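Working notes, structure below.
Number of protein chains: 2
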Amino acid sequence: MRSRIGIGLIGFGTIGTGVVKLLSQHQGLLRERVGVPLELVKIADIDLERPRGVKVKPGSLTREATEVIHHPGVDVVIELIGGIEPAKGFILEALRAGKPVVTANKALLAQEGREILDVLRETNQELGFEASVGGGIPIVKAMREGLVANSYKYIYGIINGTSNYVLTMMETEGLSFQEALTDAQAKGYAEADPALDISGVDAAHKAAILATMAFGRYFSLSEVYVEGLEGMDLRDIRYAKELGYRVKLLALIKGGPQVEIRVHPTLIPSDHSLAKVDGVFNAIYIEGDAVGPTMFYGQGAGEMPTASAVVADIVDIARDLLKGVRRRVPPFSYENLERDVQVKPMDEVVTRYYMRFTAQDRPGVLSKISGILAKRGISIESVIQKGRRERGTVPVVMMTHEAKERDVRLALSEIDNLEVIGGKTVLLRVEDGRRRC
Amino acid sequence: MRSRIGIGLIGFGTIGTGVVKLLSQHQGLLRERVGVPLELVKIADIDLERPRGVKVKPGSLTREATEVIHHPGVDVVIELIGGIEPAKGFILEALRAGKPVVTANKALLAQEGREILDVLRETNQELGFEASVGGGIPIVKAMREGLVANSYKYIYGIINGTSNYVLTMMETEGLSFQEALTDAQAKGYAEADPALDISGVDAAHKAAILATMAFGRYFSLSEVYVEGLEGMDLRDIRYAKELGYRVKLLALIKGGPQVEIRVHPTLIPSDHSLAKVDGVFNAIYIEGDAVGPTMFYGQGAGEMPTASAVVADIVDIARDLLKGVRRRVPPFSYENLERDVQVKPMDEVVTRYYMRFTAQDRPGVLSKISGILAKRGISIESVIQKGRRERGTVPVVMMTHEAKERDVRLALSEIDNLEVIGGKTVLLRVEDGRRRC
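As you go down the protein sequences, you meet chains A and B in turn.
If you use this note's numbering, the first sequence corresponds to residues 1 to 437, in order.
If you use this note's numbering, the second sequence corresponds to residues 1 to 437, in order.
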């Protein structure tokens, strides 16, 4: 029986510092829960000078990640530098050195996960990635273990805090997209370069990971349909509200003969639990065929919430090491990630739509628009048209019944070519949520 | 390596039937996730005649629980008969026969858990009890593993669906307590004898289990302060609403040098996430020192949600059996359940209060009441007094600042003896929630 578990950390940034703090603050508590001490043995970072407000043992710092990986006292390697390289190289090197790995690196898993999975199988090693989705929310464990008896029907996630903060500020404070983003940056919620968050790509990384666990075959970022918040107009948030909806950047995953995996701004009913998730909070709604609707809620980012997830993974692996077992739970929930599951092409997706047309203020426009929609079999549920002119044009807002994406796109390209249309039509998708929760 | 995991079921009632259904429906899916088939070998129930709408293998039914326990093909024993005896005897017999056990039996764990724990340790066996709290919500796993890096500060649970349904119907439909309860019974949400639910004892059982996992020493039902919904008056729900609160039967668990474990009707702010949990849904809000506020939401009862939790436990144990390990995770989160943790006596609890006095409609009453409160150091935050007479008395509603329970009780017993008071004062506690989530 091992008398301790040695931890090596690569990446002493915000989350890394949180992990160091947590291991130190809860040394006693963790020992009571795990049975032996978790001991931080070695830390690598390119910057060893920056003050981080935590004490580490003298001699434990290094600029060389390989010193961490190959240190004989290191039983588990934590990768917290993010990005593809050199993170991937370090993870593969650690696995091949016979050491289990914990990471928060969603980009790597969603883009190069196939290679990581191959090496995991080849080395019969473990990978913890609880921190890669939903920050401190133990959603990976819930999907992989807690809800293991379920076939997943619907997974809806608000899994990017920055974009949710921006949308919340637009709606509640009436800020423009740019104003809200600037505010998020000023408050430290958004990176100097917020592109990954705002474009929806960060949420898509996470959606790919959730879908892989749900359906048992590897999904990469390239299979996720993504639209971001760029160009989001306050007017659409207001019209949505008038119609009883809120706009959220939602990751939608749906089971079926062909699965759907998409991330885009989405109208959801104001009384759905997800609609009430504001600011930087994350929430994942999961509907399983046995459990019904469930929701998991918490802080999706930040030093200590994310560190909470990293340390949970360390404990999970420590418990396996202490019992001398490996891969007790398959990293992505299935023993074999080769299930025959296809992604439904976006053109085939059927959903409800919100459309805002920029119409010339002339008679007959509404009839032309609705005529083209009708020709494609798209039926209109409700219309808002108000007298208010904007430089000779009026906004016409329509909610449709269920329609096929391809038909909607064809109809809109025809409509946008009409002489009476003064600008590109805004198209948003609507999700009514399944059973309310 | 085992080629299958054999399951024995004691109790073929609602949940037991759900487990049988789930194991059959998801035979293939579970095999893909676990690696080997989960095979239902033997089922015991006193009633073998009742049609249950599921097919079982011929010869697998018996009236004798011991046949299940000692069947050589049974690797895991599921106890779903509930209550203290004979459930306890069966569980102890299974453990002593070297078989891990899965149960949904909160009453047993909260009342006789000490003995079960002793036998678990003595036999070095496992016990799964995910289904005992929050139905299908994987809250036991979350507390024991997903949030293992946290010291628990606050746990607030809406963990009895029947009482939450009753309160929801009172508030939204304006029903009296008795009308709402009759409705719950008609809809099948409440038992013919709803005493355990309405009295708060069912929630207290669950609170004792959550506190045991949170703080690392066994807490029994007798250490939980309990008040139920009996006599809940619609007027108080309405006044609470006017003050910006909703009334929920809340389980409150607070960390500290002395911990608090109590269940009672509680005013919580209307904009707190817990306040929006309606009907038969359950939710558990957990604030950990690292993760911050989190919330877990879902159906707290019912055939399939509860079966989802039972089968998750079966899978957890199956994975241990397949790897040949035992007690990889301590059943109640700590290796040793002997931590020195005291429960704060209810008299010492400090909280805010809602009081409704039944005052004679005479001058000077308010000054008498507030004088007695002031003498005990209880300061008033707000008062609602309206002209409306009820048989010569008027309701006077007060919200206090934080005060000590003992002082409040002493003050109320003095006030209730005043000649100008026409009935027993209604006392409810207020919880502002910690950080909103």
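Ideal Cβ placement from N, Cα and C applies to all residues, glycine included.
Computed from a predicted model, the values in this text were never measured in an experiment.
Would you mind telling me which residues of chain A sit closer than 9 Å to residue i, beta carbon to beta carbon, in chain order?
i	result
B:Gln360	None at all; the shortest Cβ gap to chain A is about 43 Å.
B:Gln385	Chain A residues near B:Gln385: none, gap ~34 Å exceeds 9 Å.
B:Gln517	Nothing about residue 517 of chain B can be read from this structure; chain B reaches only from 1 to 437.
Measuring straight from C-alpha to C-alpha, what distance separates residue i and residue j?
i	j	result
A:Glu335	A:Leu109	18 Å
A:Asn105	B:Val133	33 Å
B:Gly135	B:Val394	43 Å
A:Arg376	A:Glu260	23 Å
A:Leu48	A:Gly59	12 Å
A:Gly255	B:Asp233	45 Å
B:Thr266	A:Pro331	42 Å
A:His205	A:Ile159	10 Å
A:Thr182	A:Thr168	14 Å
B:Val441	A:Leu337	Lying outside 1 to 437, the shown extent of chain B, residue 441 of chain B is not represented and no answer is given.
B:Asn291	A:Leu29	Going by the sequence as given, residue 291 of chain B is Val instead of Asn. Roughly 15 Å between the two C-alpha positions.
B:Ala149	A:Asp320	17 Å
B:Gln111	B:Ala207	12 Å
A:Leu428	B:Ala142	35 Å
B:Arg435	B:Val277	The pLDDT assigned to B:Arg435 is 46, lower than 50, so where the model puts this residue is not dependable, and the model offers no usable value.
A:Gln178	A:Thr172	15 Å
B:Asp347	B:His264	15 Å
A:Pro138	A:Ala374	46 Å
B:Thr17	B:Pro293	36 Å
A:Ala97	A:Val315	20 Å
A:Asp75	B:Lys344	41 Å
Can you tell me which of the three DSSP states residue i falls into?
i	result
A:Asn417	coil
A:Tyr353	strand
A:Ile81	coil
A:Met170	helix
B:Glu303	helix
B:Arg436	Note that B:Arg436 scores 45 on pLDDT, short of 50, meaning its location in the model is unreliable; the coordinates nonetheless yield the value given after this. Of the three classes helix, strand and coil, the one that applies to B:Arg436 here is coil, per DSSP.
A:Tyr457	No statement about residue 457 of chain A is possible, as the shown extent of chain A runs from 1 to 437 and does not include it.
B:Asn282	strand
A:Tyr239	helix
B:Gly8	strand
A:Leu427	strand
A:Gln27	helix
A:Phe90	helix
B:Ser273	helix
A:Ile68	The sequence given here places Val at residue 68 of chain A; Ile does not occur at that position. Looking at A:Val68 - three-state DSSP - the assignment turns out to be helix.
B:Gly18	helix
B:Arg144	helix
B:Val41	strand
A:Ser176	coil
A:Ser163	helix
List the residues of chain A whose Cβ lies closer than 7 Å to the Cβ of residue i, in chain order.
i	result
B:Ala214	What B:Ala214 touches in chain A: nothing, since even the nearest Cβ is about 11 Å away.
B:Ile438	Here chain B comprises residues numbered 1 to 437, so residue 438 of chain B is not present and cannot be evaluated.
B:Ala190	Within chain A, no residue comes near B:Ala190; the closest Cβ sits about 19 Å away, beyond 7 Å.
My assumption, with CB atoms under 8 Å, is that residue i sits in contact with residue j. Please give the rounded CB distance.
i	j	result
B:Ile84	B:Leu38	Actually they do not touch by this definition, with Cβ atoms about 29 Å apart.
B:Leu249	B:Ala203	6 Å
B:Val247	B:Val102	Actually they do not touch by this definition, with Cβ atoms about 35 Å apart.
B:Ile317	B:Glu122	Not a contact, Cβ separation roughly 18 Å.
B:Ile91	B:Ile284	With 8 Å as the limit, B:Ile91 and B:Ile284 do not qualify as a contact, their Cβ atoms being about 25 Å apart.
Along chain B, which residues have their Cβ under 7 Å away from the Cβ of residue i?
i	result
A:Phe296	Phe296
A:Leu22	Ala149 and Ala290
A:Asp316	Glu145
A:Gly35	Glu335
Run through the DSSP bridge pairs and tell me what residue i is partnered with.
i	result
A:His264	A:Leu250
A:Glu287	A:Tyr154 and A:Pro293
B:Val103	In the sequence as displayed, the identity of residue 103 of chain B is Thr instead of Val. B:Thr103 is bridged to B:Glu79.
B:Thr358	B:Pro395
B:Lys344	The partner list for B:Lys344 (beta bridge, DSSP) is empty, contrary to what the question assumes.
Along chain B, which residues have their Cβ under 8 Å away from the Cβ of residue i?
i	result
A:Asn336	Glu32
A:Val311	Val148, Ala149 and Ala290
A:Lys276	Ser273 and Lys276
Show which residues of chain B have a CB atom less than 9 Å away from the CB atom of residue i.
i	result
A:Glu79	Ordered by position in chain B, no residue passes the 9 Å Cβ test against A:Glu79, which lies about 18 Å from the chain.
A:Ser132	Result: empty, since nearest Cβ-Cβ is about 14 Å, beyond 9 Å.
Using a C-beta to C-beta distance shorter than 8 Å, which residues of chain A count as neighbours of residue i?
i	result
B:Val329	Arg319
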